[in-house]
Amino acid sequence: MSACLNAAPDALPWLQGEARIATALEDFPVSELELSLYRIGPPDRAAELIERRSLPLPAHVRGAEARLPFSLGQARQYQAGERYYFTAYILRQGQRSHAGRCGAEAASTCPVGEPATMQALQIEFDALPATRYEAAPQPSRWR
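For the sequence shown, my numbering begins at 184 and goes up steadily by one.
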């Protein structure tokens with residue numbers, strides 16, 4: 184049995200999924216996949232970063248599809264009645280180059296629910312670059 188199966192339910196990963204790098208995406212060297220989980224705060228405050236993780240992303244060659252499984256957060260971080268969202272970016276030399284998109288609207292921010300009801304997230308990286316706002320470098324206090 185794996186250690187994950189023996190873990191307490193609140194220590195299990197909150198989000199699990201797979202990032203898919205589309206065949207149409209241009210070639211790029213070894214880079215990183217940045218995953219972030221946020222809690223949406225009151226209207227007068229910015230969202231709170233719950234967890235951010237960077238995973239190594241192998242070099243990509245146009246015409247080849249890549250799939251990268253991921254997990255983020257722990258079930259115990261969930262607070263009932265709060266709203267959360269998830270983002271994923273490809274980082275090239277520390278800059279966001281492409282935003283992951285999810286759901287029917289292909290949005291770059293993915294709403295997430297409580298851990299017990301979460302299904303595996305499918306994040307798609309296609310030929311669309313990150314917007315100017317998404318590509319902006321993050322202040323060091325956010326890293």
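Backbone N, C-alpha and C fix where the C-beta goes; we use that ideal spot for every residue, glycine too.
Since the model is a prediction, treat every value here as computed from it, not as a measurement.
Check: Beta-carbon proximity list for Thr206, same chain, < 6 Å, skipping 5 on both sides; Outcome: Gly246, Glu248
Check: Beta strand (DSSP E) segment containing Val295, residue limits; Outcome: 293 to 295
Check: Inter-residue Cα distance where the pair is Arg259 and Gly296; Outcome: 13 Å
Check: Closest Cα partner of Ala263 within the set Leu274, Arg222, Leu208, Leu255; Outcome: Arg222
Check: C-alpha gap between Pro243 and Leu216, whole angstroms; Outcome: Here the sequence assigns His to residue 243, which means Pro is not the residue at that position. So the two alpha carbons sit approximately 12 Å from each other.
Check: Helix, strand or coil at Ala271 according to DSSP, with G and I counted as helix; Outcome: strand
Check: Backbone CA spacing between Phe308 and Trp197 [nearest angstrom]; Outcome: 22 Å
Check: For Gln278: DSSP bridge partner residues; Outcome: Arg275
Check: Leu232 classed as buried or exposed, judged by whether at least 16 other C-beta atoms fall within 10 angstroms; Outcome: exposed
Check: Leu274 versus Arg235: straight-line alpha-carbon distance, rounded; Outcome: 13 Å
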